[in-house]
Each structure stands twice: as C-alpha cells, then as structure tokens.
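Asker: One structure, pasted below without further comment.
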Amino acid sequence: MEPISSLNTPPRLLCLAEGRPVALFLDFDGTLVAIAENPSAIAVPSDLAVRLEELESRLSGRLALVSGRSLDNLTHYLGPIALARAGSHGIERVGPDGVAFGPPAAAIPDRALEEISRFVAVNPALLLEAKKYGAALHFRSAPQLEKEVLEFARGIASDFDLEVKRGKAVVELVWPDADKGSAIRAFMQTPQFAGAVPIFIGDDITDEDGFRVARELGGLGIIVGDRVPTLARYRLGSPAELYRWLEL
Ligand SMILES: [Mg+2]
Numbered sequence: 138m139e140p141i142s143s144l145n146t147p148p149r150l151l152c153l154a155e156g157r158p159v160a161l162f163l164d165f166d167g168t169l170v171a172i173a174e175n176p177s178a179i180a181v182p183s184d185l186a187v188r189l190e191e192l193e194s195r196l197s198g199r200l201a202l203v204s205g206r207s208l209d210n211l212t213h214y215l216g217p218i219a220l221a222r223a224g225s226h227g228i229e230r231v232g233p234d235g236v237a238f239g240p241p242a243a244a245i246p247d248r249a250l251e252e253i254s255r256f257v258a259v260n261p262a263l264l265l266e267a268k269k270y271g272a273a274l275h276f277r278s279a280p281q282l283e284k285e286v287l288e289f290a291r292g293i294a295s296d297f298d299l300e301v302k303r304g305k306a307v308v309e310l311v312w313p314d315a316d317k318g319s320a321i322r323a324f325m326q327t328p329q330f331a332g333a334v335p336i337f338i339g340d341d342i343t344d345e346d347g348f349r350v351a352r353e354l355g356g357l358g359i360i361v362g363d364r365v366p367t368l369a370r371y372r373l374g375s376p377a378e379l380y381r382w383l384e385l
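And the structure:
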C-alpha cells in the first residue's frame, strides 16, 4: 500500500506487459461511468457498448467487465453486448456469447432481506437497492448514518453467513464467495484469457480484490480516482481520463 501521490499515470496499455498479450478487466461504476447521486441516475454514453466491443477486438477478445451490478442491470444500461462479463461482484459470469460459466449464483435469504427492509423503513434517508444476489444500503444522502448502517450490516452478515462489502456511501450484503478477484481468476482460466497478463481497472474498495488477484497472476491494477490506500500500481484521475488512455 502506498500513498496516492506516488502513483503515476500508466504507460500505454500495450506497453504494460512488455510485449505479452494483455487481458483487460474493467469495473463499471466510477470507472466507465461517473458515480451519481443514486445508482439508477448514472449517465452512460449511448454508444458505450459499441466502443467496448471495438476495444475488445483490439485486444483479440481479452476484455471483460467486472461489476457489482447484476448482469441484467448492466444489460439495462449497455444494451445487448457481446463481451465477457461478471456481475453481482463477480458471482454471475458469462462469456462473450452470453453463456454462463462457473457455479450458479444464489439469492441472499428472504429473511435477511426482510430484516434489511425493516431497518430501511425506520431509516427513510437510506436507499435500499435490492439486487438479484445481494442487497445494498446506500447512505449518500445521510452520511451520518454510516456507522449505524455498518453495525447493522455486520449483524445481518453474522446471522446469515453473509459478507459485508463497503463502497462509496454504500454497504452491501452478499455471499462470501462474491468478489471481483474470484471472477478475474475464473476468466483467466478460460482459453480466451489464459496466458495473458491481467490488468484490472477499478475505483472502489471492492476493486481491491481485483487488484490483488491481478498482481498474484503477474499483472497489475489501475485505480480511477483518489481513494487510498490501494493495491493498484497506477492511477487515472477520472472516467474521462480512462477513456482517453484506452482510446475508448
Ligand atoms: Mg466501481
């Protein structure tokens, strides 16, 4: 872990792996699109899917999206897209043909969701985002509730064997095996990605799992924004800077 000031802008993408093929893994929120007041208010360039598919062909197919959103939700914003992608923090995985691989994902228990709904009912400043395989509690409009939300989430996690994921003004309950690093590891074992150098680009705390696994597999991480500390090796200032760097 090093302070942000020591992280440089990365060299050009194809120079990052010293001539070896690069496999690129991209987070979505805060990386490809700017964070909005609430998760449904993001502004997505209308041709983003096409631009990503072009990038994928430049990389001979070695590009995957790795998002905290569900795959259905990603499709809602991107339209049909022929890209490998992992959703719900990595537990839903499909190849570019849309065919799922890996163990099937499961919803979190109904009783956990009921308790979370009750907590939100008495704290109306919170926004509950019920996901297919998890539940997110957003406290962007009530930052003073952070500690209380976190304590509540930890209680639910221990009662139902779930895991707490922290993000920017959000706490999320998911199954313990839902993490972006596991998704990257799974993709790297497929013929499409095997043997390449993994580069993961993300912005949030949950992306640290991805940075760690990219490093373990001989690659590296690039963080978007100012968050510290981080396992990323390089830094880009914003989604706009990322688009320029990727020529997206
Ligand atoms: Mg993100």
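According to my numbering, the sequence shown holds residues 138 to 385 in order. Every residue gets a Cβ at the ideal spot worked out from N, C-alpha and C, and that includes glycine.
How big is the Cα-Cα spacing for R352 and E155?
Answerer: If I take the Cα positions, the gap works out to 15 angstroms.
Asker: What does I321 pair with, by DSSP beta-bridge criteria?
Answerer: Looking at the DSSP assignment, I321 forms no beta bridge with any residue, so it has no partner.
Asker: Shortest alpha-carbon distance to A178 belongs to which of H213, P158 and Q281?
Answerer: Ranking H213, P158 and Q281 by Cα distance to A178 puts H213 first.
Asker: For E139, I'd like the list of residues in its chain whose CB is within less than 6 angstroms of its CB, leaving aside the five on either flank, ordered along the chain.
Answerer: Low per-residue confidence applies at E139: pLDDT is 49, beneath 50, and the placement is therefore not dependable, though the value from the model is reported in the following sentence. Hits under 6 angstroms: none found.
Asker: For ligand 1, any of its heavy atoms closer than 7 angstroms to the Cβ of G235?
Answerer: It does not: the Cβ of G235 is nowhere closer than 7 angstroms to a heavy atom of ligand 1.
Asker: Which residues in the same chain have their Cβ closer than 7 angstroms to the Cβ of A244, if we skip the five residues on either side of it in sequence?
Answerer: Correct list, in chain order: K269 and Y270.
Asker: Exposed or buried, L357, counting other C-beta atoms within 10 Å across all chains shown (16 or more means buried)?
Answerer: Under this definition L357 is a buried residue.
Asker: Looking at the structure shown, is V236 part of a helix, part of a strand, or coil, going by DSSP?
Answerer: Looking at V236 - three-state DSSP - the assignment turns out to be coil, as it is neither helix nor strand.
Asker: How about L169 and L153: are their beta carbons less than 8 angstroms apart?
Answerer: No, Cβ-Cβ distance for L169 and L153 is not below 8 angstroms.
Asker: Quick one: what does DSSP say N145 is sitting in, helix, strand or coil?
Answerer: Three-state DSSP puts N145 in a strand.
Asker: Please report the residue range of the beta strand (DSSP E) in which R230 lies.
Answerer: Taken as a continuous stretch (DSSP letters only), the beta strand (DSSP E) holding R230 covers E229 to V231.
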